[in-house]
C-alpha cells in the first residue's frame, strides 16, 4: 500500500483517509491534507498558478462514497477542464488517496475567486489580472447600455511596465477568458483576464 503524503512531504495517516464517513475529529486533518496535496496541481493554460489560487478548486467534502474534490470550470466550455480533472485525479491517486473528482457548475466561477496571490502570479507571468470584481464589471456594462453610447472601459495596467495607457486590440486573446491588449507606452501586447 503506497504511503500517503502531502505536498510538503508530511505523511497523511491512513486513518485520516477512510472510504466511509469521517469522524468530526478527523475531518479537519483529512481535508487540510488533501488541500495541501493539491497545491501542486496547476492550471494547464497558466502553469504559474495552482487551481486553488485560480478559484477552480472549490471544496474537499464527504460524498456518498468517500471524499469528493470539487472543481468548477472558469466557463462551461473551457477546453482545459478535462486536463484539470485528470491532473487532480492523478495527484490524488499518486498519493494513494481514494477520492473522487466532481465537476460542479453552480455557482458559476467568477474572477472574484482568484486569490490575491494568484492575481500577483498572473501579473508576474505577463497576464493582467482582472482589475475589478465581476459584479463591478457587470454594473459598468449596464451603465454603458443604459447611457446609450457612453463608453465605460476597464483601466488595464500593463503587466510589463505598469502603464495604464493601454488599449484593447481584440476582445479575445490566447483563450476565450482573456482579451488581447497592447501597452501604448512600451508597445508590448499582453493578455487581460476579463472579469466575470
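In the working numbering, the protein residues as written are 15 to 210.
Even glycine gets a Cβ: it sits at the ideal position worked out from N, Cα and C.
message: To test your reading of the DSSP string, which unbroken alpha helix (DSSP H) runs of 4 or more residues are found completely within the stretch 90–138?
response: 95–108
query: Between 208, 210, 137, which lies nearest to residue 177 when the distance is taken from Cα to Cα?
result: 137
query: Along the chain, where does the alpha helix (DSSP H) that runs through residue 67 open and close?
result: 65–68
field: Range covered by the beta strand (DSSP E) that runs through residue 182
entry: First-last of the beta strand (DSSP E) with residue 182: 180–184.
- request: Compute the Euclidean distance between the alpha carbons of residue 115 and residue 199, then round it to the nearest angstrom.
  value: 45 Å
field: Proximity below 8 Å, CB of residue 60 to CB of residue 113
entry: no
message: One question on the structure: do residue 204 and residue 172 come within less than 8 Å of each other, judged by their Cβ atoms?
response: yes
task: Output yes or no for whether 8 Å exceeds the beta carbon distance between residue 117 and residue 70.
output: no
message: Could you check whether the stretch 89–100 touches the stretch 125–143, counting it as contact only if at least three pairs of C-beta atoms, one from each stretch, sit closer than 8 Å?
response: no
field: Same chain, Cβ closer than 8 Å to residue 77, five either side skipped, listed in chain order
entry: 114, 116
- prompt: Are the CB atoms of residue 51 and residue 109 nearer to each other than 8 Å?
  reply: yes
Which of helix, strand or coil DSSP assigns to residue 60: For residue 60, the secondary structure class from DSSP, reduced to helix, strand or coil, is coil.
field: Local conformation of residue 198 per DSSP, three classes
entry: coil
CB contact flag (residue 74, residue 63, <8 Å): Their beta carbons are not under 8 Å apart, which means residue 74 does not touch residue 63 by this criterion.
Helix, strand or coil at residue 44 [DSSP, three-state]: helix
query: What residue does the beta strand (DSSP E) around residue 210 start on, and which one ends it?
result: Note, residue 210: premise wrong, no beta strand (DSSP E); not H, not E.
- prompt: Can you give the Cα-Cα distance for residue 197 and residue 98, rounded to whole angstroms?
  reply: 32 Å
- prompt: Does the Cβ-Cβ distance between residue 144 and residue 192 come in under 8 Å?
  reply: Their beta carbons are not under 8 Å apart, which means residue 144 does not touch residue 192 by this criterion.
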